[in-house]
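Asks: Going by our numbering, the first residue of the sequence shown is number -12, and it counts up by one from there.
Sharing a structure, written as structure tokens. Questions coming.
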Amino acid sequence: TGPYRFSSFDANRGFTMVRNKYFKPTKYIPRGNPDKVDVSFVSDANSATQRVINGQADYSNGAIPPDRIANAKSKGHLVLRDAANTYYFWMNTREAPFNKLKVRQAVNYAIDRKALQTLVWGGLGQPTQNILPPTYPSYRKLKLYNHNVAKARQMITAAGAKGANVTVWTREVSDALVAAQYYTSVLNNIGLNAKLTTLPRATYYTTIGNRNTKAQTGWARWLEDYPHPLDWFDVLLNGNRIVDQNNNNYAYYSNKKVNSQIESLKKAPVLTPAVNARWASVEQTIMKDAPWAPWSNRVFPEFFSKKMGCIHVQLLY
């Protein structure tokens, strides 16, 4: 039905799209310019950046390595795109040691969110403790967890979790690896015994979203599908929506009061000031329970080769 169709697809390598000869342009969907679009999945951001610089690719939206941002600006067209997103570490509330509130809160105290922006994005991101991005009218900035490693260590000891074995999960993509390596080091620094496990991007979410995996904690992100709090709280944190496979609630978080509030708010889809206040209250309750450790609202680099001219990027994921 669209201007292009798949001519090949490989979940691990990429895909090719060609013109759809049956498509008829409309007022809102034009015919499009390229005859063919080749897309390659490149997990290493450094390699993806270099492909554009070398002329082997026309575009990359990978996280440009921090030490290459200045150079990239001179080698192509670098566009910084604001988009509604939240990067976070989830903690499975059904699996030890993260079934203990003090452990989850300790993790939130231990993470240096500001330092992570530089480490992972080269500063192209804003530190956050919120689930919602700041673009939402329901957003109220949370300041529940100041960076305090000493306090985090005390809480781990008080929870009886010192030395507990933890497996951290992430996908084999450069920015996810860097963030998860930092996260693993933080867990070890506060007294847990953490190790890192990586999976290909094609299987990562289905693996951690399978109840039988019993994944304890790991890296994740969420990018806006539609601009409403339900896209975040209902999909990701409503305990009524936990399923055995392809589950998006990686923390397996379920709070009866929160679940009830989310179900009630489904009946109030218009974001009036009163409804926004209710969503803000839901968010604060969740983050006091600490099933997540949100850390970034990322600014996306769109890196184009010099031969690319007019561009348009869709802001919705």
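Glycine is no exception: its CB is placed at the ideal position from the N, C-alpha and C atoms.
Give the list of continuous beta strand (DSSP E) stretches no shorter than 3 residues that lie fully inside the segment 244 to 299.
Replies: Whole beta strand (DSSP E) segments, 3+ residues: 279 to 291.
Asks: What are the start and end residues of each continuous beta strand (DSSP E) run of 3 or more residues lying completely inside the segment 22 to 77, in chain order?
Replies: Runs of the beta strand (DSSP E) inside the segment 22 to 77: 23 to 27, 64 to 69.
Asks: Identify, in the order they occur along the chain, each residue of the same chain with its Cβ nearer than 8 Å to the Cβ of alanine 267, setting aside the five sequence neighbours on each side.
Replies: Result list for alanine 267: Ser125, Tyr126, Arg127, in chain order.
Asks: Would you list the one or two residues that DSSP bridges to phenylalanine 2?
Replies: Phenylalanine 2 is bridged to Phe(-4), Val26.
Asks: Look at the alpha carbon of glycine 110 and the alpha carbon of glutamine 104, and state the distance between them as a whole number of angstroms.
Replies: So the alpha carbons of these two residues sit roughly 5 Å apart.
Asks: Quick check: what's the CA-CA separation for proline 12 versus valine 24?
Replies: Each residue's alpha carbon lies about 18 Å from the other.
Asks: Whole angstroms are fine: how far does the CA of leucine 164 sit from the CA of glutamate 270?
Replies: Rounded to whole angstroms, glutamate 270 to leucine 164 spans 28 Å at the Cα level.
Asks: Considering just the uninterrupted stretch of the alpha helix (DSSP H) at glutamine 113, what are its terminal residues?
Replies: Taken as a continuous stretch (DSSP letters only), glutamine 113 belongs to no alpha helix (DSSP H), being part of the beta strand (DSSP E) at 112 to 114.
Asks: Report yes if the C-beta distance between tyrosine 191 and glutamate 159 is below 9 Å; otherwise report no.
Replies: The answer is yes: Cβ separation under 9 Å.
Asks: Take every Cβ of the segment 93 to 101, pair it with every Cβ of the segment 171 to 182, and state whether three or more of those distances are shorter than 8 Å.
Replies: They touch, by the three-pair rule.
Asks: Comparing C-alpha positions only, which one of Arg(-8), Gly(-11), Phe(-7), Asp(-3) sits nearest to arginine 188?
Replies: Nearest C-alpha to arginine 188: Asp(-3).
Asks: What are the boundary residues of the alpha helix (DSSP H) that includes asparagine 95?
Replies: Counting along the chain, the alpha helix (DSSP H) containing asparagine 95 begins and ends at 88 to 97.
Asks: On the three-state DSSP scale, how would you describe asparagine 234?
Replies: Looking at asparagine 234 - three-state DSSP - the assignment turns out to be coil, as it is neither helix nor strand.
Asks: Could you tell me which whole alpha helix (DSSP H) segments of length 4 or greater appear in the segment 152 to 207?
Replies: The qualifying runs are 161 to 176, 188 to 195.
Asks: Is the CB-CB distance between valine 26 and glycine 42 below 9 Å?
Replies: Not in contact: valine 26 and glycine 42 (Cβ atoms no closer than 9 Å).
Asks: Specify the secondary structure class of leucine 131 as computed by DSSP and reduced to three states.
Replies: Coil.
Asks: Tell me, please, which residues DSSP counts as bridged to tyrosine 9.
Replies: BP columns for tyrosine 9 are empty, so no partner.
Asks: Apart from the five residues just before and just after lysine 101, which ones in its own chain have a Cβ nearer than 7 Å to its Cβ?
Replies: Excluding sequence neighbours, lysine 101 sits near Pro114.
Asks: With DSSP as the reference, label leucine 210 as helix, strand or coil.
Replies: If DSSP states are grouped into helix, strand and coil, leucine 210 belongs with the strands.
Asks: Could you check which residue in Val222, Met295, Phe85 has the C-alpha nearest to that of lysine 253?
Replies: Taking only the C-alpha atoms, the option nearest lysine 253 is Val222.
Asks: Check whether the Cβ atoms of valine 66 and methionine 142 lie closer than 9 Å to each other.
Replies: Contact: no.
Asks: I'd like the list of long-range same chain contacts for leucine 179, defined as Cβ closer than 6 Å, with 5 residues on each side in sequence excluded.
Replies: Counting only Cβ-Cβ distances below 6 Å, and skipping sequence neighbours, we find Ala151, Val153.
Asks: Less than 9 Å separating the beta-carbons of threonine 292 and aspartate 22?
Replies: Threonine is not the amino acid found at residue 292; the sequence shown has serine there. The answer is no: Cβ separation not under 9 Å.
Asks: How is the alpha helix (DSSP H) around phenylalanine 85 delimited, first residue to last?
Replies: It is not in any alpha helix (DSSP H) - phenylalanine 85 carries neither H nor E in the DSSP assignment.
Asks: Excluding the 5 residues flanking phenylalanine 51 on each side, which residues of the same chain have their C-beta closer than 6 Å to its C-beta?
Replies: In the sequence under discussion, the amino acid at residue 51 is isoleucine, which differs from the phenylalanine named in the question. Result list for isoleucine 51: Thr36, Ala59, Pro288, in chain order.
Asks: Please determine, among Leu88, Ser(-6), Arg68, the residue with the shortest C-alpha to C-alpha distance to asparagine 242.
Replies: Answer by Cα proximity: Leu88.
Asks: Determine the closest residue to alanine 148 out of Val230, Asp31, Lys62, Glu82, with distance taken between C-alpha atoms.
Replies: Among Val230, Asp31, Lys62, Glu82, the Cα nearest to that of alanine 148 is on Glu82.
Asks: In the DSSP output, which residue or residues are listed as bridge partners for tyrosine -9?
Replies: Paired residues: Arg6.
Asks: Helix or strand or just coil, what does DSSP make of lysine 14?
Replies: Lysine 14 falls in the coil class under three-state DSSP.
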